[in-house]
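Following: one structure in structure tokens, then a few remarks.
In the UniProt record's numbering, the protein residues as written are 1 to 82.
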């Protein structure tokens, strides 16, 4: 099943956990705040099947629940892009 992701940059604390867990999905801006690199944090690009396990691990490991994951694209931009 398709997975999509974004990072709520308002709640991200720049801990680095997501980038360590899923470096092909998440990166950081100049302030260390995470964003989804697949689509510049818009949540409209499907996460490749071979990265879904990494996404789920990052989602589970985020201490602030800033990583959002959905089965459909995010259609309403609710977070600031990285």
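We put the beta carbon where it would ideally sit given N, CA and C, even for glycine.
Every value quoted in this text rests on a predicted model; they were computed, and no experiment measured them.
Item to check | For residue 54 and residue 24, believed in contact at Cβ under 8 Å, the rounded distance | outcome: Looking up residue 24 in the chain shown gives position 24. Looking up residue 54 in the chain shown gives position 54. Residue 24 to residue 54, Cβ: 7 Å. Contact.
Checklist entry - Which full runs of the beta strand (DSSP E) of 3+ residues lie inside the stretch 7-66, going along the chain? => result Taking only runs of at least 3 residues, the beta strand (DSSP E) segments lying wholly in the stretch 7-66 are 26-28 and 34-36.
Next on the checklist: Which of the three DSSP states is assigned to residue 2 in this structure?
Outcome noted: Looking up residue 2 in the chain shown gives position 2. Residue 2 falls in the coil class under three-state DSSP.
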